[in-house]
């Protein structure tokens, strides 16, 4: 994250009790970060968006703002959309497979809503959003995930309500049923993590083999900075890759269970140094359909716990 982005947190802490406008922003920050991260798929860029929103909030004429929450949401969304357009252009030159930047987050809401929000942080969900244009992505998220009305979404995107409805409808048609998110029980997820750890440690395929879907895929993102897969592998090749290759390459590494992107995941450490994050996607039978491995050090540098909506 930029030095400027770090500075906002340092500045906010001592002023929260004295500056009413800063307290308003602090209360909205988890929601703004949640919107920006889901639009961009990057914690680092989301932090920059929130910092930029904060600076604009500080200089805004507060007397003219009737709804601070709506104003902040609008500014944050528009900045994130502009940054996403620039990010798409940079991804043309990205080396290998691109995966979202891992997020170590706690969601803030009641139990059922928290589970639903957490599922929208998953790597699979964020990759599904990649099928949408920046405006489709923002409209879909604001309406479907953050429960904003069409009128409020239209205002945030500076468009009329009829066109906003068409935008959301088009987004749904592009992603089909992919937005229907399935999360198996935590116990099932931890069973998978234990089996994966055992397969890497011993090189033996069982019981991991029984937990993988027949068409399971493994995608690795090294960003051209860490040697990894050059392409997505699927089916039986995934199991062989884990037991034959990863068990050899990662034999001296530690695999630890932590909550990443809303669900139990694996953290890869080499002599205490964070070197990778593994997240998983499941089908409605509780089998693993995708294994996502992020090894790009640039995407791991900002992995720290944060509050998000």
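Residue numbers (the numbering used here): 888 to 1196.
Every residue gets a Cβ at the ideal spot worked out from N, C-alpha and C, and that includes glycine.
Considering just the uninterrupted stretch of the alpha helix (DSSP H) at residue i, what are its terminal residues?
i	result
residue 1023	1021-1027
residue 1056	1048-1062
residue 1172	That residue, residue 1172, is in no alpha helix (DSSP H); it is neither H nor E in DSSP.
residue 1089	1073-1089
residue 1200	The question about residue 1200 has no answer, for the chain in this structure spans 888 to 1196.
Once DSSP output is grouped into helix, strand and coil, what is the label at residue i?
i	result
residue 1146	strand
residue 929	coil
residue 1116	coil
residue 976	helix
residue 964	helix
residue 917	helix
residue 946	helix
residue 953	coil
residue 1009	coil
residue 986	coil
residue 970	helix
residue 1014	helix
residue 1155	strand
residue 940	helix
residue 1121	strand
residue 1141	strand
Among the candidates the options, whose CA atom is the shortest distance from the CA of residue i?
i	options	result
residue 1040	1150, 911, 1089 and 922	922
residue 1133	1116, 1122 and 1147	1116
residue 984	1045, 1118 and 930	1118
residue 1062	927, 975, 1017 and 1192	1017
residue 946	932, 962, 969 and 1046	962
residue 1027	1055, 953 and 976	1055
residue 1123	1192, 1147 and 1177	1177
residue 936	950, 1185, 917 and 1168	917
residue 1153	1170, 1182 and 1127	1182
residue 1073	1058, 978, 960 and 1144	1144
residue 1091	1060, 1127 and 1113	1127
residue 1053	1036, 1031, 1023 and 1140	1023
residue 912	971, 934 and 940	940
residue 933	1042, 956, 966 and 906	966
Using a 10 Å radius around the Cβ and a threshold of 16 neighbouring Cβ atoms, would you call residue i buried or exposed?
i	result
residue 1076	buried
residue 829	It is not possible to answer for residue 829, since the shown part of the chain is limited to 888 through 1196.
residue 1089	exposed
residue 944	buried
residue 1163	buried
residue 1038	exposed
residue 975	exposed
residue 982	exposed
residue 1010	buried
residue 929	buried
residue 1185	exposed
If residue i sits next to residue j, beta carbons under 8 Å apart, how far is it from one beta carbon to the other, in whole angstroms?
i	j	result
residue 1082	residue 1094	5 Å
residue 1029	residue 964	7 Å
residue 925	residue 1007	6 Å
residue 1174	residue 1080	Actually they do not touch by this definition, with Cβ atoms about 14 Å apart.
residue 1161	residue 1187	5 Å
residue 986	residue 1108	4 Å
residue 1147	residue 1166	6 Å
residue 1087	residue 1137	5 Å
residue 989	residue 1190	6 Å
Between which two residues does the beta strand (DSSP E) holding residue i run?
i	result
residue 1177	1175-1181
residue 1169	1160-1169
residue 1108	1099-1108
residue 1194	1193-1195
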